[in-house]
Amino acid sequence: DHNEHWWQKSVVYQIYPRSFMDSNGDGIGDLQGIISKLDYLRNLGVDVIWLSPFYASPNADNGYDISDYQKIMEEFGTMEDFDELLKEAHQRNLKIIIDMVVNHSSDEHEWFKKSKAGIEPYRNYYIWRKGVDGKEPNNWRSNFSGSAWTYSEERQEYYLHLFHKKQPELNWQCAELRNEIYRMMNWWLDKGVDGFRLDVINYIGKNPEFPDGVIGKDGLGDFVPYAVNLPISHDYIKEMNSQVWHNREGILTVGETPFASTDDAVQYSCLDNTELNMVFQFEHMDLDNAEDGSKWSDRRIPLLELKRSFSNWQRKLYGKAWNSLYWCNHDQPRVVSRLGNDTDTWWNKSAKMLATCLHFMQGTPYVYQGEELGMTNYPFSDIRDFRDVESINAYHEYTETLHVDSDKMISYLRNKSRDNARTPMQWDETDEAGFTTGVPWMPVNPNYKVINAAAQIGDEDSVYNYYRKLISLRKEHPIIVNGDFELVGEDDADVFVYLRHWKDQILWVACNFTDRMQKIVSPSSNHAEYRKWHVICDNYSPSGDAFEKDQIELQPYEAVAVLGN
Ligand code: TEU
Ligand code: CA
Numbered sequence: 002d003h004n005e006h007w008w009q010k011s012v013v014y015q016i017y018p019r020s021f022m023d024s025n026g027d028g029i030g031d032l033q034g035i036i037s038k039l040d041y042l043r044n045l046g047v048d049v050i051w052l053s054p055f056y057a058s059p060n061a062d063n064g065y066d067i068s069d070y071q072k073i074m075e076e077f078g079t080m081e082d083f084d085e086l087l088k089e090a091h092q093r094n095l096k097i098i099i100d101m102v103v104n105h106s107s108d109e110h111e112w113f114k115k116s117k118a119g120i121e122p123y124r125n126y127y128i129w130r131k132g133v134d135g136k137e138p139n140n141w142r143s144n145f146s147g148s149a150w151t152y153s154e155e156r157q158e159y160y161l162h163l164f165h166k167k168q169p170e171l172n173w174q175c176a177e178l179r180n181e182i183y184r185m186m187n188w189w190l191d192k193g194v195d196g197f198r199l200d201v202i203n204y205i206g207k208n209p210e211f212p213d214g215v216i217g218k219d220g221l222g223d224f225v226p227y228a229v230n231l232p233i234s235h236d237y238i239k240e241m242n243s244q245v246w247h248n249r250e251g252i253l254t255v256g257e258t259p260f261a262s263t264d265d266a267v268q269y270s271c272l273d274n275t276e277l278n279m280v281f282q283f284e285h286m287d288l289d290n291a292e293d294g295s296k297w298s299d300r301r302i303p304l305l306e307l308k309r310s311f312s313n314w315q316r317k318l319y320g321k322a323w324n325s326l327y328w329c330n331h332d333q334p335r336v337v338s339r340l341g342n343d344t345d346t347w348w349n350k351s352a353k354m355l356a357t358c359l360h361f362m363q364g365t366p367y368v369y370q371g372e373e374l375g376m377t378n379y380p381f382s383d384i385r386d387f388r389d390v391e392s393i394n395a396y397h398e399y400t401e402t403l404h405v406d407s408d409k410m411i412s413y414l415r416n417k418s419r420d421n422a423r424t425p426m427q428w429d430e431t432d433e434a435g436f437t438t439g440v441p442w443m444p445v446n447p448n449y450k451v452i453n454a455a456a457q458i459g460d461e462d463s464v465y466n467y468y469r470k471l472i473s474l475r476k477e478h479p480i481i482v483n484g485d486f487e488l489v490g491e492d493d494a495d496v497f498v499y500l501r502h503w504k505d506q507i508l509w510v511a512c513n514f515t516d517r518m519q520k521i522v523s524p525s526s527n528h529a530e531y532r533k534w535h536v537i538c539d540n541y542s543p544s545g546d547a548f549e550k551d552q553i554e555l556q557p558y559e560a561v562a563v564l565g566n
């Protein structure tokens, strides 16, 4: 009655190579560094590795600006290193999916240089427009601040870039370009990679009229209605599916889709397998945005809104499409700081609680490097501490143009900056957390002597071993993969409780998001039809206990999962 796919039962681990492990002391993580940690990942129990970009790049956006899709970034190693990584991973039963950034390339890609020079067929590979009255073709704002158009003296036209000006948008209307991309993707699959994470894949189709967008506080306009989730993007994705992986076995595809609604996602990740296997949606990650929708704020996500959002996604996709589950990636602050409590007292418990809350929902869980150790946000205090172009540009725009107080802006960045995710992985308590023998490209979080892998692997009570347990429970209980979802107590602003049902089983999950005790009603009192209840996971006790009480008191940040049948 159900047809499970391997990727529905899998857990994916994301590696941001620059910050994972440095093998040669230059302060930059690399492919040999990753190879040296494959046994660590095997032990954690994950099935798939997602590698953030490792291709040739001038690094305006840490590799999300690719200058050659078939070359390895020199700092990361060689193609031989990549082949070795793939082989070593496969020997350990780990699959590798690679990050495909094909909405844009680097301006240093040969295609762009030739396009700029007007050479066929490249002329039309990017989105070029004449200016209007000596100004930009329209009012669109780039995601990294300022206009989304930059003028080329050489071509005497503007090109579109929804991100950095060194990330020109590729023109998906151009069939030669599309075929060139499919050829390149097939080349990687022929090499043996197991699939793709597709960067902003819902941005590839643009409205050819390029209308002005609604103006915000910076005087620039919003491109989203004209460049995100357009119907034509579905056509391109369907074409990519049929040209690249449709006739291959064992491939996993996940599309990064900011601003996707549940309806959009039902199309992108429909179980009919004509587009992608799953998406990364952003709704739950955008709940702490400022009032005007912009990213920069010092707010926290209200639990009621978080519950409403998850519940909506769990229910709308059920039986139709597939979602990914994530708290963290290289663009997001650390979840234990964001939604938990990273003080010494509650750090361990709240990191486990958040993991529990996410991992018992339906979808494919993603673990971002260091999340399994409960790594925290960085104590940023000065703009010079930041490396990320998004943060640095936003700081200048907010303090210089919008006249936001600089301390205020630093507090926004401390809350939301992508650099929180990019500090080096904390391997052990030696200098630079064992990440490098040299000077790391970005400072190590000063808490590495307490929070590190070496300290956690042998400690039964560690966040790491709790993640191991969650990952193995998913393999043990099909209800976690297949069950439907019911939110319990939607108006409770302190505790997140939900039920999953599957065949003759029920799974009850309760998570206390506060540092206070919380009284709640036990599932056994409302669901007498199930006779036997037992705890399969609890961050306060080793579990296995029978479970019959009517009223339960959850400890601060307690999370408990109970199976009934
Ligand atoms: O991210 C897409 C994206 O929209 C992000 O810029 C996101 O909005 C932002 O990080 C949150 O403020 C992808 C990649 O994941 C990101 O690292 C790249 O910078 C971006 O695309 C451009 O390639
Ligand atoms: Ca290195």
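Per full-length UniProt numbering, residue 2 is the first one in the sequence shown, and the count goes up by one each step. All residues carry an ideal CB built from backbone N, CA and C; glycine is no exception.
Own chain, CB closer than 6 Å to G46, minus 5 neighbours either side, in chain order: Exclusion of the five residues before and after G46 leaves R469, I472 and S473 as the residues of its chain whose Cβ lies within less than 6 Å of its Cβ.
Straight-line gap, S463 to P543 (C-alpha atoms, nearest Å): Looking at the two C-alpha atoms, the distance is approximately 12 Å.
E89 versus E81 - alpha carbon distance: Between the alpha carbons of E89 and E81 lies a distance of about 12 Å.
Buried or exposed by the 16-neighbour rule on C-beta atoms within 10 Å, applied to W428: It is buried - the Cβ of W428 has at least 16 other Cβ atoms within 10 Å.
Beta strand (DSSP E) segment containing G256, residue limits: Element bounds for G256: L253 to E257.
Coarse secondary structure for A322, derived from DSSP in three states: Strand.
Nearest-angstrom Cα separation, counted from A228 out to Q268: In a straight line, the C-alpha of Q268 is about 17 Å away from that of A228.
Validate contact between the stretch 317-332 and the stretch 354-364 using beta carbons, cut 8 Å, 3 pairs: Enough Cβ pairs lie closer than 8 Å, so yes.
Three-state secondary structure assigned by DSSP to E137: Reduced to three states, the DSSP call for E137 is coil.
Beta bridge counterpart(s) of R130 as assigned by DSSP: Partner(s): Y159.
Check: D293 C-beta below 7 Å from any heavy atom of ligand 2: In this structure, the C-beta of D293 stays at least 7 Å away from each heavy atom of ligand 2.
DSSP three-state assignment for H165, whether helix, strand or coil: H165: coil per DSSP, three-state reduction.
Three-way DSSP call (helix, strand, coil) for L199 in this model: In the structure shown, L199 adopts extended strand secondary structure according to DSSP, grouped into three states.
Given Q92 as reference, the closest of V49, S116 and D62 once Cα atoms are compared: The closest CA to that of Q92, considering only V49, S116 and D62, is found on V49.
Bounding residues of the beta strand (DSSP E) (the contiguous stretch that carries H535): Segment W534 to D539, the beta strand (DSSP E) holding H535.
Any non-hydrogen atom of ligand 1 closer than 7 Å to Q519 Cβ: Short note on Q519: C-beta not closer than 7 Å to any heavy atom of ligand 1.
3 or more residues per run - each beta strand (DSSP E) lying fully within the stretch 32-57: With a minimum length of 3 residues, the unbroken runs of beta strand (DSSP E) contained wholly in the stretch 32-57 fall at 49-52.
A395 classed as buried or exposed, judged by whether at least 16 other C-beta atoms fall within 10 angstroms: Buried: at least 16 other Cβ atoms inside 10 Å.
Check: Y65 C-beta below 7 Å from any heavy atom of ligand 1: The answer is yes for Y65.
Closer than 6 Å to ligand 2: residues, by C-beta to nearest heavy atom, in chain order: Going by the Cβ distance cut-off, the answer is D23, S24, N25, D27, I29 and D31.
Beta-carbon contacts of F281 that lie in its chain and below 6 Å, excluding the five residues immediately before and after: So the qualifying residues of the chain are E257 and S325.
Beta-carbon proximity check, R179 vs Y126, cutoff 8 Å: Y126 sits away from R179, with the two beta carbons spaced by 8 Å or more.
beta-carbon F164 near ligand 1 non-hydrogen atom, thresh 7 Å: Checking the Cβ of F164 against ligand 1 gives yes.
Cβ-Cβ distance between N140 and D69 below 8 Å: With contacts defined as CB atoms closer than 8 Å, N140 and D69 fail to qualify as a contacting pair.
Cβ-heavy atom distance, Q282 to ligand 1, below 7 Å: With a cutoff of 7 Å, Q282 does not count as near ligand 1, since its C-beta is closer than that to no heavy atom of the ligand.
K353 beta carbon less than 8 Å from that of Y467: Taking the C-beta atoms as reference points, K353 is found nearer than 8 Å to Y467.
Residues bridged to E487 [DSSP beta-bridge criterion]: The partner list for E487 (beta bridge, DSSP) reads L500.
8 Å Cβ cutoff met for G490 and W503: No, the Cβ-Cβ distance between G490 and W503 is not below 8 Å.
Proximal residues to D2 (C-beta, below 7 Å), its chain only, five neighbours per side dropped: Confidence in D2 is poor, its pLDDT being 39 and thus under 50, which makes the residue's placement unreliable; the coordinate value appears in the next sentence. Only residues of its own chain outside the window of five on either side were considered, and among them none has a CB closer than 7 Å to the CB of D2.
Buried or exposed (CB count within 10 angstroms, at least 16 for buried), Q552: The residue in question, Q552, is exposed, as its Cβ has fewer than 16 Cβ neighbours within 10 Å.
Exposed unless 16 or more other CB atoms sit within 10 angstroms - verdict on K550: That one is exposed.
Candidates R198, Y159 and D389: closest to R419 by CA position: Taking only the C-alpha atoms, the option nearest R419 is D389.
Whole-number beta carbon distance between S24 and Q33, since they are thought to touch under 8 Å: Q33 to S24, Cβ: 4 Å. Contact.
Proximity below 8 Å, CB of G375 to CB of I480: Taking C-beta atoms as the reference points, G375 and I480 fail to come closer than 8 Å.
Burial state of V440 (16 or more Cβ within 10 Å): Flag for V440 reads exposed.
Beta-carbon contacts of S525 that lie in its chain and below 8 Å, excluding the five residues immediately before and after: The answer, listed in chain order, is Y531, W534, F548, E549, K550, D551 and G565.
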